[in-house]
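These notes concern the structure reproduced below.
Number of protein chains: 2
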Amino acid sequence: MNKKWQTSIIIVLTTTALTFSCEQKQEGESSEKKEVKAELSAEDLDLLKQAKKFFKPLPEIAEPTDYKMNDDMVSLGKKLYFDTRLSKSNTISCNSCHNLASYGVDNNPTSIGHKWVAGPRNSPTVLNAAIHSFQFWDGRAADVEEQAEGPILNPIEMGAPHEEFVIDRLRTIETYGDLFAAAFPEEETPLTYKNMARAIGAFERTLMTPDRFDDFLKGDGSALTTAEKKGLKTFMDVGCTTCHSGPALGGQIFQKFGLIKGPYWDYTGSETIDEGKYEVTGIESDKYMFKVPGLRNIAKTAPYFHDGSIWDLDKSVEIMGVTQLGKELSPEQIQEIVDFLEALTGDLPDEARTLPILPRMGRETTKPDFS
Amino acid sequence: MNKKWQTSIIIVLTTTALTFSCEQKQEGESSEKKEVKAELSAEDLDLLKQAKKFFKPLPEIAEPTDYKMNDDMVSLGKKLYFDTRLSKSNTISCNSCHNLASYGVDNNPTSIGHKWVAGPRNSPTVLNAAIHSFQFWDGRAADVEEQAEGPILNPIEMGAPHEEFVIDRLRTIETYGDLFAAAFPEEETPLTYKNMARAIGAFERTLMTPDRFDDFLKGDGSALTTAEKKGLKTFMDVGCTTCHSGPALGGQIFQKFGLIKGPYWDYTGSETIDEGKYEVTGIESDKYMFKVPGLRNIAKTAPYFHDGSIWDLDKSVEIMGVTQLGKELSPEQIQEIVDFLEALTGDLPDEARTLPILPRMGRETTKPDFS
Chain A
8 MNKKWQTSII
18 IVLTTTALTF
28 SCEQKQEGES
38 SEKKEVKAEL
48 SAEDLDLLKQ
58 AKKFFKPLPE
68 IAEPTDYKMN
78 DDMVSLGKKL
88 YFDTRLSKSN
98 TISCNSCHNL
108 ASYGVDNNPT
118 SIGHKWVAGP
128 RNSPTVLNAA
138 IHSFQFWDGR
148 AADVEEQAEG
158 PILNPIEMGA
168 PHEEFVIDRL
178 RTIETYGDLF
188 AAAFPEEETP
198 LTYKNMARAI
208 GAFERTLMTP
218 DRFDDFLKGD
228 GSALTTAEKK
238 GLKTFMDVGC
248 TTCHSGPALG
258 GQIFQKFGLI
268 KGPYWDYTGS
278 ETIDEGKYEV
288 TGIESDKYMF
298 KVPGLRNIAK
308 TAPYFHDGSI
318 WDLDKSVEIM
328 GVTQLGKELS
338 PEQIQEIVDF
348 LEALTGDLPD
358 EARTLPILPR
368 MGRETTKPDF
378 S
Chain B
8 MNKKWQTSII
18 IVLTTTALTF
28 SCEQKQEGES
38 SEKKEVKAEL
48 SAEDLDLLKQ
58 AKKFFKPLPE
68 IAEPTDYKMN
78 DDMVSLGKKL
88 YFDTRLSKSN
98 TISCNSCHNL
108 ASYGVDNNPT
118 SIGHKWVAGP
128 RNSPTVLNAA
138 IHSFQFWDGR
148 AADVEEQAEG
158 PILNPIEMGA
168 PHEEFVIDRL
178 RTIETYGDLF
188 AAAFPEEETP
198 LTYKNMARAI
208 GAFERTLMTP
218 DRFDDFLKGD
228 GSALTTAEKK
238 GLKTFMDVGC
248 TTCHSGPALG
258 GQIFQKFGLI
268 KGPYWDYTGS
278 ETIDEGKYEV
288 TGIESDKYMF
298 KVPGLRNIAK
308 TAPYFHDGSI
318 WDLDKSVEIM
328 GVTQLGKELS
338 PEQIQEIVDF
348 LEALTGDLPD
358 EARTLPILPR
368 MGRETTKPDF
378 S
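Structure, rendered in structure tokens:
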């Protein structure tokens with residue numbers, strides 16, 4: 008399997024902007040890549056010029072503005088991200104609903120949580136989420152660090168009764184104390200709920216998945232197929248970019264689901280009516296306002312929309328055309344847009360996909376509680 | 008993070024007998040290792056001679072006897088092992104209960120399955136399980152391939168209603184058809200329930216975790232500390248080796264829990280009485296007979312026994328002394344044995360710990376069903 012492993016590393020490395028082990032291999036690969044980089048045709052140049060008005064390549068890492076990330080923080084964050092002991096039942100981790108083996112989602116309309124209760128909204132992908140302007144479908148968290156504080160204490164998600172319960176688990180599980188001290192060297196009390204969320208956030212900031220569209224934005228005309236370029240043009244011309252722009256193709260603003268034609272559930276067939284941001288703010292104008300999702304890896308993260316009500320990408324594009332743009336997109340236009348969206352599938356850094364080795368529970372660690 | 012990653016790879020590689028990427032690094036490391044290998048003292052030589060009567064080093068891979076493994080089978084098996092879509096709810100995978108991030112267990116007395124029902128017995132570690140003579144606590148499966156057929160269809164585990172449901176999921180999920188064809192090139196119908204289980208089994212056959220005890224068995228006197236060597240001697244002298252022998256230090260025979268002193272629940276405080284193998288065979292002499300668990304990584308796989316009734320390793324050793332050997336082991340003897348058991352912690356091949364990239368569901372793939 009040795010050979011396969013090396014091959015898979017090379018594949019990952021050539022399709023990611025980050026560098027890991029076997030660096031020389033990667034440099035080798037990327038320089039090869041440069042060599043085959045095609046000259047831009049006049050048509051490609053126009054398309055690229057238009058695209059650059061709306062889009063930007065993904066960053067290598069979504070650097071935080073309010074603290075300094077370090078490697079110890081990221082590696083601690085990865086452990087915490089995969090540690091089911093943050094849940095009351097020792098059964099649910101961040102990765103349960105935001106599965107890094109399936110593009111950061113669980114492919115369920117809404118996720119199953121503590122005591123087998125399904126949540127009210129679809130679990131969005133964690134991939135590239137760190138560059139979004141805010142988190143959750145209703146934007147109630149400012150960043151991934153603040154988001155990470157929520158699900159652990161949510162009675163129908165990870166079900167931890169209170170912060171002290173979680174801290175007590177982490178304090179009594181072997182080595183976490185030292186790992187927090189290493190990750191937060193300046194702090195007198197490194198092991199806090201906030202720092203736990205910060206470490207998870209720091210790890211999530213490394214979950215960027217650059218794809219062929221980034222290569223195109225960087226001037227590689229051969230990165231996208233003719234069909235994908237046509238789709239990109241259609242995507243921009245019909246107006247999807249009004250909301251889906253920036254490096255994540257979304258994640259920057261709120262928009263009313265059913266902006267032009269509504270109510271949205273007439274088109275999605277949603278079983279429940281979700282009033283979106285209004286449920287947090289109580290402001291009338293926030294009714295049915297949801298965060299515009301990013302479209303990176305969108306072809307892999309079905310089902311779609313805040314309630315996972317639609318499974319097929321083409322159907323989702325059709326609905327967006329009608330409800331958000333007031334346009335009956337033709338089957339051809341829909342297919343073109345889907346072709347483009349398919350090109351937004353990227354690769355997770357291999358390092359992020361390698362499971363941590365979790366420290367064992369201590370004698371005093373509270374036992375799992377399924378109730 | 009580049010440096011850390013390389014370091015972590017080196018650590019893994021130097022502590023495993025298998026070879027992966029950056030092979031030269033590993034060879035470099037292992038040759039260094041040989042150089043520092045200590046000469047065996049007369050005492051070590053006696054201990055090693057005695058140990059070799061009972062134990063063998065772990066194999067690199069647990070080769071199957073009834074079929075030929077190949078790399079495509081293993082890589083398919085890894086995908087299947089992590090794929091929650093083998094469960095009715097799209098929520099539970101093999102890895103949910105046999106978590107490769109925590110030494111192949113979920114650290115629960117018994118695992119939570121479909122509809123939040125807890126199983127009757129503790130989920131044993133999948134690590135090194137492939138070399139056991141049979142599978143499950145009651146030995147009802149001959150090997151890991153046969154074992155893998157069970158939980159997927161168990162209504163309180165992964166909850167799939169029948170084999171056809173699972174095959175239909177796999178047939179409609181993108182690329183699985185091709186992956187089965189590549190893994191089973193000689194077969195006319197590669198995508199079968201049996202082949203699914205065989206691929207999972209093939210992957211599990213790679214989950215060997217050689218540790219310092221293997222190095223000692225191979226003649227490296229410096230591989231174990233003085234305390235660990237003392238513990239090994241005590242382990243053999245008090246008679247643990249009557250059952251816990253072979254490369255897995257167990258997994259080869261059945262034994263009555265409460266052989267000398269019983270019933271076992273008087274010592275474990277078990278809440279329910281489990282009649283073990285008798286529940287399968289109905290033979291009186293099988294009452295309370297359970298598979299002797301392997302002891303590799305035992306220090307990391309609490310809680311212990313068939314029902315996970317005991318959380319502390321020293322307490323488990325004490326109970327074994329009384330119920331199986333009829334001996335009141337002294338606190339010193341118990342500590343010595345625990346010191347030895349701590350040395351049985353090994354490393355999983357890094358390749359096995361790298362999450363697969365799961366193929367997406369097709370239009371026809373049956374949707375998750377939480378009911």
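These protein sequence lines are chains A and B, in that order. Each number in the working numbering comes from the position in the first sequence (counting from 1) with 7 added on. Each number in the working numbering comes from the position in the second sequence (counting from 1) with 7 added on. Beta carbons: idealized from backbone N, C-alpha and C, even for Gly.
Name, in chain order, the residues that DSSP records as bridge partners for residue i.
i	result
A:Lys298	A:Phe261
A:Gly283	A:Met296
B:Ala148	B:Gln142
A:Ile317	A:Tyr311
B:Thr361	A:Thr361
A:Ala125	A:Ile119
Excluding the five sequence neighbours on either side, which residues of its own chain have a C-beta within less than 7 Å of the C-beta of residue i, listed in chain order?
i	result
B:Phe191	Pro197, Asn202
B:Glu379	The shown model of chain B, from 8 to 378, leaves out residue 379 of chain B, and the question about it has no answer.
B:Thr330	Phe264, Gly265, Leu266, Ile267, Lys268, Gly269, Tyr271, Tyr274
A:Leu355	Leu107, Leu134, Leu214, Thr216
A:Ser96	His121, Gly166, Pro375, Asp376, Phe377
A:Lys334	Val245, Gly328
Going by other Cβ atoms of all chains shown within 10 Å of its Cβ, with 16 needed for buried, is residue i buried or exposed?
i	result
A:Gln31	With a pLDDT of 39 at A:Gln31, under the threshold of 50, the modelled position of this residue cannot be trusted, and the question is left open.
B:Ala350	buried
A:His251	buried
A:Pro127	exposed
A:Thr372	buried
B:Leu336	buried
A:Lys86	buried
B:Gly301	buried
A:Ala149	exposed
B:Pro168	exposed
A:Glu171	exposed
B:Ile290	exposed
B:Pro381	Because chain B spans 8 through 378 in this model, residue 381 of chain B falls outside it and cannot be assessed.
B:Glu5	Within the shown structure, residues of chain B are numbered from 8 to 378, placing residue 5 of chain B beyond reach of any answer.
B:Ser100	buried
B:Pro338	exposed
A:Ser292	exposed
B:Gly460	It is not possible to answer for residue 460 of chain B, since the shown part of chain B is limited to 8 through 378.
To the nearest angstrom, how far is it from the Cα of residue i to the Cα of residue j?
i	j	result
B:Ile280	B:His313	11 Å
B:Arg219	B:Lys307	15 Å
B:Val112	A:Ser130	26 Å
B:Ala189	B:Trp318	44 Å
A:Thr72	A:Arg212	12 Å
A:Pro66	A:Ala255	10 Å
B:Ser379	A:Ala49	No answer is possible for residue 379 of chain B: it lies beyond the span of chain B, which begins at 8 and ends at 378.
A:Met360	B:Tyr110	The question names Met, but residue 360 of chain A is Arg in the sequence shown. So the two alpha carbons sit approximately 17 Å from each other.
B:Gln340	B:Asn161	41 Å
A:Asp320	A:Val345	Residue 320 of chain A is actually Leu in this sequence, not Asp. Their backbone Cα atoms lie some 7 Å apart in a straight line.
A:Leu348	A:Ala136	17 Å
A:Glu343	A:Tyr311	19 Å
B:Lys225	B:Ile138	19 Å
A:Gln154	B:Ile119	26 Å
B:Ser82	A:Asn114	22 Å
Enumerate in chain order the residues of its own chain whose CB-to-CB distance from residue i is below 6 Å, with the five nearest sequence positions on each side excluded.
i	result
A:Gly253	Gln259
A:Ser140	Gln259
B:Thr98	Thr91
A:Ala230	Arg219, Asp222, Phe223
B:Thr182	Pro366
A:Arg370	none
B:Thr248	Phe61
Hey, would you say the C-beta of residue i is under 6 Å away from at least one heavy atom of the ligand ATP?
i	result
B:Thr199	Looking at this structure, you won't find the ligand ATP or any other ligand, since it has none at all.
Which same chain residues end up closer than 8 Å to residue i when comparing Cβ atoms and leaving out the 5 residues on each side of it in sequence?
i	result
B:Leu54	Lys236, Leu239, Lys240
B:Met399	Nothing can be reported for residue 399 of chain B: it is not among the residues displayed for chain B, which extend from 8 to 378.
Which residues, in chain order, does the stretch 140-156 of chain A contribute to contact with chain B at a C-beta distance below 9 Å? none
Short of 7 Å Cβ to Cβ, which residues in the stretch 94-126 of chain A face chain B? Within the stretch 94-126 of chain A, the residues whose Cβ lies closer than 7 Å to some Cβ of chain B are Ser96, Asn97, Thr98, Leu107, Ala108, Ser109, Asp113, Asn114, Asn115, Ile119, Lys122, Trp123, Ala125, listed in chain order.
With 9 Å as the limit, tell me which residues of the stretch 222-234 of chain B have their beta carbon closer than that to any beta carbon of chain A; keep them in chain order. none
Against chain B, which members of the stretch 323-351 of chain A pass a CB distance test of less than 9 Å? none
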